[in-house]
Amino acid sequence: MKKKKIISLLLLLPLTIWLVAFALYPILYGLRLSLFNARINNIENPTFIGLQNYIKLFSNSEFGQALLWSLKFAIICTFIQMVLGILISWLFQRDFPGKGLATTLILMPMVVAPFLMGTMFRLLFNESVGPIAYLLSGLTGTTALLGMAWVNPTIIGADTINRMPFVFINMYSAMQGVPQELLEAATMDGANAFQKLIHVTIPTISAIFGITFLEKLLQSFLIFELIFAMTAGGPGTFTQSVSIFIYRRAFQRSDYGMACAASFALALILLVPSLYLVRRTTKGDK
Amino acid sequence: MSRKQKKRLSTIFTVIAVILIVIVLDIGLITNVLTAFKSPFTISSTPPKWIFKPTLDNFRNVLGKGSFDFRLYLWNSFIIAVISSAIAIVLTIPAAYSIVRYHGVGDVILGSTMLLRLAPALAFAIPVFLIFNRFKLLDTKIAIIFMHTLFITPTSLLLFIGYIQDLPKEIEEAASIDGANTIQILTRVLIPVLLPGIGSTAILGFITSWNEYLFSGILSFKNSITATVGTSFFITSYAVEWGNMAAAITLSTIPTALFIFIAQKSLVKGMTAGSVKG
Chain A
43 MKKKKIISLL LLLPLTIWLV AFALYPILYG LRLSLFNARI NNIENPTFIG
93 LQNYIKLFSN SEFGQALLWS LKFAIICTFI QMVLGILISW LFQRDFPGKG
143 LATTLILMPM VVAPFLMGTM FRLLFNESVG PIAYLLSGLT GTTALLGMAW
193 VNPTIIGADT INRMPFVFIN MYSAMQGVPQ ELLEAATMDG ANAFQKLIHV
243 TIPTISAIFG ITFLEKLLQS FLIFELIFAM TAGGPGTFTQ SVSIFIYRRA
293 FQRSDYGMAC AASFALALIL LVPSLYLVRR TTKGDK
Chain B
4 MSRKQKKRLS TIFTVIAVIL IVIVLDIGLI TNVLTAFKSP FTISSTPPKW
54 IFKPTLDNFR NVLGKGSFDF RLYLWNSFII AVISSAIAIV LTIPAAYSIV
104 RYHGVGDVIL GSTMLLRLAP ALAFAIPVFL IFNRFKLLDT KIAIIFMHTL
154 FITPTSLLLF IGYIQDLPKE IEEAASIDGA NTIQILTRVL IPVLLPGIGS
204 TAILGFITSW NEYLFSGILS FKNSITATVG TSFFITSYAV EWGNMAAAIT
254 LSTIPTALFI FIAQKSLVKG MTAGSVKG
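From first to last, the protein sequence lines are chains A and B.
Under our numbering, the first residue of the first sequence carries the number 43, and numbering increases by one thereafter.
Under our numbering, the first residue of the second sequence carries the number 4, and numbering increases by one thereafter.
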């Protein structure tokens with residue numbers, strides 16, 4: 043029995059080494075750095091300043107604004123994408139010609155890198171040459187879709203194109219598992235298609251619904267690459283998500299201590315929902 | 004209205020709705036490909052031209068020896084993606100086997116890997132940048148490979164746990180009665196039956212690495228730049244080379260877009276692995 047235990051540990055060893063070297067060690071190093079005034083010129087010999095970075099961070103309204111922007115963005119995006127994802131997967135419960143191809147085309151934006159998506163939209167929404175901006179100007183009255191007035195809806199739209207397919211495919215797979223008898227019974231009782239969705243399908247898939255919702259919320263809250271490519275947080279700090287805030291602190295202002303403090307504050311805020319999600323998702327594995 | 008007519012109407016309605024959805028979701032990608040074939044003159048015309056004489060100039064510029072070596076970036080992306088997903092597979096198969104068959108410490112590792120998947124990437128990015136700087140590893144492919152491997156492991160581990168759970172325990176028991184040790188069971192019994200799973204995990208790892216921007220971006224400045232990072236170089240302080248940029252984006256999306264056509268089933272399984280069981 044002892045030998046078995048040793049073998050089980052040896053099998054885990056390679057992955058554990060990787061996790062320790064490239065995840066745990068950097069995290070601890072960053073945690074330590076968050077207590078120092080560490081900038082590009084004194085990175086070899088930073089000065090210890092205790093909790094100063096954290097105090098500065100929370101007395102600086104920019105961090106609060108970034109958190110608030112991310113929170114609003116996450117809630118709006120998650121809501122829109124969950125609703126669209128569920129409606130589209132519901133549409134896909136019936137058969138129609140070309141269903142296979144349509145599924146592939148819907149999933150397509152999901153495999154494109156968010157950064158590439160963002161760069162692409164930066165071109166397509168460009169005020170003077172963007173073809174999509176031109177098409178939409180009939181609705182918006184302007185081609186300046188990345189200007190103050192329209193930038194938030196534009197980013198939400200771009201993220202929806204990029205990430206909604208993830209909700210769709212999760213919901214679609216889940217709906218495949220809803221027992222046919224339940225739906226038939228509801229039809230017998232005179233329920234229409236929409237009533238069946240609300241009263242039968244959604245309650246049956248509620249577990250996966252909850253997991254997808256929470257995962258989507260966390261993902262949107264941390265959004266970085268898409269916005270970084272589209273607006274880099276601008277105009278000014280107008281679309282500065284919390285990840286963009288940290289990136290700017292670290293790699294544009296080289297204020298590493300402060301940036302580390304911000305990323306740990308962020309990680310702490312997200313720890314409880316993340317742990318909950320991990321427990322929910324790994325429980326099914328045993 | 005007869006039942007048949009009603010059904011037909013509902014199908015027509017569904018098809019129209021689906022076409023509209025597909026157009027909205029893919030119009031960006033399509034327009035971008037069109038832009039890649041436009042000359043600078045066509046790009047700057049208002050209203051935008053949808054029918055024009057296509058040119059390959061942008062692709063020639065991007066792939067030729069211009070100011071940026073985009074061919075090198077594509078090659079870097081490819082090498083980094085292949086090696087990262089290969090290492091991730093080697094790390095996670097034994098770990099998954101241990102988690103499924105023995106439990107204990109394995110569950111802690113599984114939990115940490117899952118937590119890693121949700122953690123803010125920037126919390127790693129800053130210390131990793133400074134650590135690799137100290138070890139003189141900045142602007143090397145190996146630095147990016149280390150980090151990409153790390154971010155591939157959660158999905159890879161989840162997938163292998165699923166595959167190994169589905170295998171009948173009897174095969175291993177038979178082998179162990181025949182005197183095979185754990186290493187032999189893994190390499191001779193498990194790996195052969197896992198091959199299809201290894202294939203789809205490899206594709207998913209490849210895509211994760213190919214699409215990654217944050218770490219590829221901060222850890223490289225000349226030699227190890229990847230295609231995803233390189234597309235942004237066409238925006239300079241003087242001008243934006245829209246056509247070249249669109250061509251570069253098109254080239255960088257081809258590998259991942261191909262996978263969704265040829266390996267959709269396994270991709271979907273991998274991408275939903277975190278949330279959908281089964």
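Note that CB positions come from ideal geometry on N, CA and C, so glycine has one too.
Under the assumption that Phe138 (chain A) contacts Val18 (chain B) (Cβ atoms under 8 Å), give the Cβ distance between them as a whole number of angstroms.
-> Correct: roughly 5 Å between the Cβ atoms.
Nearest-angstrom Cα distance between Ile265 (chain B) and Phe167 (chain A)?
-> When only Cα atoms are considered, Ile265 (chain B) and Phe167 (chain A) end up about 31 Å apart.
Lys52 (chain B) Cβ short of 7 Å to the ligand MN heavy atom set = Ligands in the displayed structure: none, and consequently the ligand MN is not present.
Inter-stretch contact (C-beta, 8 Å, three-pair minimum) for the region 141-159 of chain B and the region 201-218 of chain B = Between the region 141-159 of chain B and the region 201-218 of chain B, the count of Cβ pairs shorter than 8 Å is three or higher; the stretches touch.
Neighbour flag for Val196 (chain B) against chain A, beta carbons, 8 Å | Taking Cβ atoms only, chain A never reaches closer than 8 Å to Val196 (chain B), which makes this a no.
Should Gly281 (chain B) be labelled buried (16 or more other beta-carbon atoms within 10 Å of its own) or exposed?
-> Confidence is the limiting factor: at Gly281 (chain B) the pLDDT is only 37, short of 50, which leaves the residue's position unreliable, though a coordinate-based value still follows. Note on Gly281 (chain B): under 16 other CB atoms within 10 angstroms of its CB, so exposed under the neighbour-count rule.
Apart from the five residues just before and just after Val103 (chain B), which ones in its own chain have a Cβ nearer than 7 Å to its Cβ?
-> Once the five neighbours on either side are set aside, the close Cβ partners of Val103 (chain B) are Ile164, Ile167 and Gln168.
Do Tyr289 (chain A) and Arg81 (chain A) have their CB atoms nearer than 8 Å?
-> Not in contact: Tyr289 (chain A) and Arg81 (chain A) (Cβ atoms no closer than 8 Å).
Integer Cβ distance of Ile286 (chain A) from Phe263 (chain A), believed to fall under 8 Å | With 8 Å as the limit, Ile286 (chain A) and Phe263 (chain A) do not qualify as a contact, their Cβ atoms being about 12 Å apart.
Determine the DSSP secondary structure at Val153 (chain A), reduced to helix, strand or coil.
-> Shown here, Val153 (chain A) sits in a helix according to DSSP, grouped into three states.
Is it right to say Arg321 (chain A) is buried, meaning 16 or more other beta carbons lie within 10 angstroms of its own, or is it exposed?
-> With fewer than 16 other Cβ atoms within 10 Å, it is exposed.
Status (buried if at least 16 other CB within 10 Å, exposed otherwise) for Pro156 (chain A) = Residue burial is scored here from C-beta neighbours: Pro156 (chain A) has at least 16 other C-beta atoms within 10 angstroms and is therefore classed as buried.
Taking 8 Å as the CB-CB cut-off, is Ser115 (chain B) touching chain A?
-> Yes, contact with chain A.
Min CB distance Met124 (chain A) to chain B below 8 Å | Residue-level contact by beta carbon fails for Met124 (chain A) and chain B, as no gap is shorter than 8 Å.
Classify Gly246 (chain B) as buried or exposed, calling it buried when 16 or more other Cβ atoms lie within 10 Å of its own Cβ.
-> Here Gly246 (chain B) is buried. Its C-beta has 16 or more other C-beta atoms within 10 Å.
Just by C-beta distance, which residues in the region 148-166 of chain B are closer than 9 Å to chain A?
-> Listed in sequence order: Phe149, Met150, Thr152, Leu153, Thr156, Leu160, Leu161, Ile164 and Gly165.
Can you tell me the Cα-Cα spacing of Leu239 (chain A) and Leu224 (chain A), whole angstroms?
-> One C-alpha to the other measures close to 11 Å.
Spatial distance of Pro57 (chain B) from Lys139 (chain B) (CA atoms) | Taking the CA atoms as reference points, Pro57 (chain B) sits about 46 Å from Lys139 (chain B).
Output yes if chain A places a C-beta closer than 8 Å to the C-beta of Gly31 (chain B); else output no.
-> It does; some Cβ of chain A falls within 8 Å.
Roughly how many angstroms lie between the CA atoms of Arg74 (chain A) and Tyr105 (chain B), to the nearest whole one?
-> For the pair Arg74 (chain A) and Tyr105 (chain B), the Cα-to-Cα distance works out to about 35 Å.
For Gln222 (chain A), is the classification buried or exposed, using 16 other Cβ atoms within 10 angstroms of its Cβ as the cut-off for buried?
-> Flag for Gln222 (chain A) reads exposed.
Checking contacts by CB at 8 Å: is Asp327 (chain A) closer than that to chain B?
-> Summary for Asp327 (chain A): the model assigns pLDDT 44, below 50, so the residue's position carries little reliability; its value from the coordinates is reported in the next sentence. True, the Cβ-Cβ gap to chain B drops below 8 Å.
Taking all protein chains shown into account, decide if Gln282 (chain A) is buried (16 or more other Cβ within 10 angstroms of its Cβ) or exposed.
-> By the beta-carbon neighbour count (other beta carbons within 10 angstroms, threshold 16), Gln282 (chain A) is buried.
Cα-Cα separation, Gly28 (chain B) to Leu149 (chain A) = First, the residue type needs correcting, since residue 28 (chain B) is Leu and not Gly in the sequence shown. For the pair Leu28 (chain B) and Leu149 (chain A), the Cα-to-Cα distance works out to about 9 Å.
What residue does the alpha helix (DSSP H) around Met206 (chain A) start on, and which one ends it?
-> It spans Val193 to Gln218 - the alpha helix (DSSP H) in which Met206 (chain A) sits, taken as one unbroken run.
Using the C-alpha atoms, what's the distance from Leu77 (chain A) back to Glu257 (chain A)?
-> Distance between the alpha carbons of Glu257 (chain A) and Leu77 (chain A): 31 Å.
Would Thr143 (chain B) count as contacting chain A if we go by Cβ distances under 8 Å?
-> It does not: the Cβ of Thr143 (chain B) has no partner Cβ on chain A nearer than 8 Å.
Per-residue DSSP class, three states only, for Ile238 (chain B) | In this structure, Ile238 (chain B) counts as strand in the three-state DSSP scheme.
Answer with buried or exposed for Ile147 (chain B), where buried requires no fewer than 16 other C-beta atoms within 10 angstroms of its C-beta.
-> So Ile147 (chain B) ends up on the buried side.
For a contact meaning CB atoms closer than 8 Å, what does Glu267 (chain A) contact in chain B?
-> Those within 8 Å of Glu267 (chain A) in chain B are Tyr216 and Leu217.
Closer than 8 Å, CB to CB, is Leu119 (chain B) near chain A or not?
-> Leu119 (chain B) counts as touching chain A.
Quick one: measure Cβ to Cβ for Thr161 (chain A) and Ala65 (chain A), integer angstroms, because I've assumed they're closer than 8 Å.
-> Thr161 (chain A) to Ala65 (chain A), Cβ: 29 Å. No contact.
When the cut-off is 8 Å and only beta carbons count, does Phe90 (chain A) lie next to chain B?
-> No Cβ of chain B is located within less than 8 Å of the beta carbon of Phe90 (chain A).
Report the three-state DSSP secondary structure of Val171 (chain A) (helix, strand or coil).
-> Coil.
Confirm, please, whether the CB-CB distance from Val153 (chain A) to Ala39 (chain B) is below 8 Å.
-> No; because the gap between Cβ atoms is not below 8 Å, this pair is not in contact.
Kindly list the residues whose CB is nearer than 6 Å to the CB of Phe132 (chain B), restricted to its own chain and excluding five residues on each side of it in sequence; keep chain order.
-> Ile221.
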